[in-house]
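Structure first, commentary second.
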Amino acid sequence: MHYYCNQSFITCDNAGHITQILQYIFYDGENPERKGTLQNFSTSCFKHLVHLDLSFARLEGVIPPGIGALSKLTYLDLSHNAFTGRLPLSLTNLSRLVKLDLSFNQLNNSITQKLGNLKNLVELNLGNNILTGAIPSSIGF
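Position in the sequence shown (from 1) plus 12 gives the number in the working numbering.
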């Protein structure tokens, strides 16, 4: 088993592939300026990732388009960060996605109609961003 499988916030399958990342980083008052980005995020190590929760992780910048290459992802929570820019169109590649939570960021522009192509999506939360326009009719629950 790989060393990273022993981390409390990582779950691996029997073959040692990372299948789940839960990283909760709450503000502790000691270092209010500590922030990070996903700028150099590489999907090559996460081909078996099913569950990614980086909510409250003090992340900023844009959501990397490469996140759409995580083809096995069913759960994606990047809420309560400081992500900016557009929703990456590559999110529409995540055909197995059941839950997508990007709430409480600073995402802007409109919601792409192609999100409606995510047929397995049961929960979508884009609240508390700076999104414009109507919710596309293709997104119907």
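For every residue, glycine included, the Cβ atom is placed at its ideal position computed from N, Cα and C.
If you ignore the 5 residues before and after Leu130, its C-beta comes within less than 6 angstroms of the C-beta of Leu109, all in its own chain and listed in chain order. Here the stretch 23-32 makes no contact with the stretch 47-55; the two share fewer than three CB pairs at distances below 8 angstroms. Nearest Cα to Thr124 within the set Arg98, Leu66, Glu72, Leu34: Arg98. Here the C-alpha atom of Asn120 lies approximately 7 angstroms from the C-alpha atom of Thr96. Going by beta carbons, Ser150 and Lys111 fall outside the 9 angstroms limit. When secondary structure is reduced to three states using DSSP, Lys126 falls in the helix class. At least 9 angstroms separates the beta-carbon of Gly139 from that of Ser107. Beta-bridge pairing by DSSP links Asp89 to Asp65, Asp113.
The three-state secondary structure of Gly28, taken from DSSP, is coil.
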